[in-house]
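Take the position in the sequence shown, starting the count at 1, then add 78; the result is the number in the working numbering. Built from N, CA and C at the ideal position, the CB exists for glycine as well. Below you'll find the structure, written out as structure tokens, and then a few comments.
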Amino acid sequence: MKNKIKSWLGFSTSTTNAAPKGEEMENMFCYQCEQAANGGCSKVGVCGKKPDVAALQDQLVYSMKGIAFWAHKAREKGAKDSAIDHFMLDGLFTTVTNVDFDAEEIAKLVRDAAKNRDKAQALFEKANGGPFTGDVPDAAKPFTPGSTDQLVALGAEHGVKDDSIDPDVKSVQEIIIYGMKGYAAYAHHALVIGLENDEIYAYTHQALSATLDKSLGLMDFVGLAMECGRINLITMQLLDKANTDSFGHPVPTPVQLGTKAGKAILVSGHDLRMLEELLKQTEGKGVNVYTHGEMLPAHGYPGLKKYTHLVGNFGGAWQDQAKEFAGFPGAIIFNTNCIQRPAETYKDRLFTWGLVQWPDVKNIAGMDFSPVIEKALSLPGFEENLGKEILTGFGHNAVLGVADKVIDAVKAGQIRHFFLIGGCDGAKSGRNYYTEFAEKVPSDCVILTLACGKYRFNKLDFGDIGGIPRLLDIGQCNDAYSAIQIAVALAGAFKCGVNDLPLSFILSWYEQKAVAILLTLLHLGIKDIKLGPTLPAFITPNVLNFLVENFNIGPIGTAEGDLKQILG
Ligand code: SF4
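In structure tokens, the structure reads:
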């Protein structure tokens, strides 16, 4: 067991909740994503986040803990406020990696947080019939926000590091907060479509408020972390319902990787409702729409694929955007996380939507995409250059629709094993493992994939087994819900538990949505997950030990070695 813990790539005890060695002067501290430098970005974010933005995000999270303190207490008295609930989703989603790099926009949210705090306290006092008589933590006390510079200074005092908290407790608290950030993004997409679930808000207030409660111990937070996994499951289910009610269940669909002649708009992100609106507004205007990154599965939804000008998928991994976008002769818009520092080669035709912000890049706040369409019409667009096609659209409805065929193939020995190779992609080394793993999966095994890690291998030819494609693209990261539905249905058919299925989880992580999904898998009791490319810097050795002991979670090794270990 100890060997397994020691074998985590890049792992060292100095990486957790402590200043990176050799970094005496810190401008900031953030360790929430996989590309954290030396255990935490301390000069400037590897993602491009500057110290002022980091401090403002820290202040925003601190302020939301204060709101949660009062909102949770108000809920205990039966009072709630949907504007406060929605603000929490916005605030958490804003602090996800690669979402908002604009200091002034985050400062506005911190000012809104002060108002929401006042509102939440008033909500409680009204429901309580008088003021609270216990101790109020500093984060929950009123504050008058000043200038952006003053908020930056305040945020610097309320950063992630807190020596007054036991490192293991702090580790689990951060896991919970990152899990919440992840599901907040999914809940936000569902809310844009019009669906929400009050359990999500109740847990958000309870768990954020708990981080201010010094009487709680490690196992209290472990319990809250498992509950975070359950909340993410119901959030993914909610988003699945929102998407499939609106656009139908995905169906297997070939997606063109080449280009069609005509003006062009590229959409990157996860929000399907935003894509639908853009498709409506571009219909008949001679503008073709392409998907990028996590938007690829949009092609499988009947309600979106019916637009004939949704013509294909452009580019590869999200982290290659600066290089690839230079060659896109149209307008480009990000509707969720994944934006990187824009290169000058395309910055003037780049847009963001909703909570995504980059300084000096035009943000579309609502659903009027006229500026994007006008920009696309002013640009040359593509010449016709059709290329290869790849398949997407294997959501739970499509896969379970051929469940009998799949089960028969397993029983007949034609399918030996399923590998779910999914999760985020990223720029750091070590991710070639996932390409090699997929390439080396024996020809009598099926690969299920989801999220953007698929760009490591989704253009390779894997063939089929008796008509069942060997590579099934289930969808976006939130479609982990579909993967879980498929696994549960297979377990039911074979009258066994999910852990007893010939199914292995080979996961890659990058940002906080992956943390939420991992917590969901742990909440469901899924064991033997292989995770890479490196251990999160916010996990202490004792917390890692807990995960290994209880879930047998382990690091990726070599593709060959891991396959041998799994298949025997
Ligand atoms: S989000 Fe990731 S890359 Fe950006 S500052 Fe934080 S740890 Fe560093």
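Check	Outcome
Just reading off the alpha helix (DSSP H) that V131 is part of, what are its end residues?	P129 to E154
Measuring from the CB of K155, is there a heavy atom of the ligand SF4 at a distance below 7 angstroms?	no
Less than 6 angstroms between C-beta atoms, sequence neighbours within five positions excluded: which residues of the same chain meet that for I644?	S582
Is P547 helix, strand or coil when you go by DSSP?	strand
Less than 8 angstroms between the C-beta atoms of M373 and S346, yes or no?	yes
Kindly indicate the opening and closing residues of the beta strand (DSSP E) around C119.	Run containing C119: none; DSSP gives neither H nor E here.
Taking all protein chains shown into account, decide if R534 is buried (16 or more other Cβ within 10 angstroms of its Cβ) or exposed.	buried
Sort T430, G123, L585 and L568 by Cα distance to L672 and report the nearest one.	Only positions 79 to 646 of the chain appear in this structure, which leaves residue 672 out of reach.
Considering V524, what are the terminal residues of the beta strand (DSSP E) in which it resides?	C523 to L528
Kindly give me the distance between the Cβ atoms of F210 and K151, rounded to whole angstroms, as I take these residues to be in contact under 8 angstroms.	7 angstroms
Excluding the 5 residues flanking A234 on each side, which residues of the same chain have their C-beta closer than 6 angstroms to its C-beta?	A133
Give me the residue from L433, A443, N391 and V566 with the minimum Cα distance to H266.	L433
Would you list the residues sitting across from H348 in a DSSP beta bridge?	Its beta-bridge partners do not exist; DSSP assigns none.
Kindly list the residues whose CB is nearer than 7 angstroms to the CB of S514, restricted to its own chain and excluding five residues on each side of it in sequence; keep chain order.	The sequence shown places Glu at residue 514, not Ser. So the qualifying residues of the chain are A637.
Cα separation between E594 and L302?	Here residue 594 turns out to be Ala, not Glu, going by the sequence shown. Roughly 12 angstroms separates the two Cα atoms.
Within the stretch 309-364, note down every full beta strand (DSSP E) run reaching 3 residues or more, in order along the chain.	331-334 and 341-346
What does the alpha-carbon distance come out to for the pair G378 and T386?	13 angstroms
Any contact of the stretch 610-617 with the stretch 332-339, i.e. 3+ C-beta pairs under 8 angstroms?	no
Quick one: using the 10 Å Cβ neighbour count with 16 as the cut-off for buried, is K99 buried or exposed?	The pLDDT assigned to K99 is 41, lower than 50, so where the model puts this residue is not dependable, and the model offers no usable value.
Please state the DSSP three-state secondary structure of A192.	helix
Does A262 come out as helix, strand or coil in the three-state DSSP assignment?	helix
Can you tell me whether C108 is helix, strand or coil according to DSSP?	strand
Per DSSP, I584 forms a beta bridge with which residues?	I499 and K608
Please confirm whether any heavy atom of the ligand SF4 lies closer than 7 angstroms to the CB of G295.	no
Mark A218 as exposed unless 16 or more other C-beta atoms lie within 10 angstroms of its C-beta, in which case mark it buried.	buried
With 16 as the cutoff for other CB atoms within 10 Å, does N463 come out buried or exposed?	exposed
Hey, is T175 close to the ligand SF4, as in C-beta under 7 angstroms from one of its heavy atoms?	yes
Alpha carbons only, please: which of G531, F496 and Q418 is nearest the one belonging to P437?	Q418
Bridge partners for L433 per DSSP, in chain order?	Looking at the DSSP assignment, L433 forms no beta bridge with any residue, so it has no partner.
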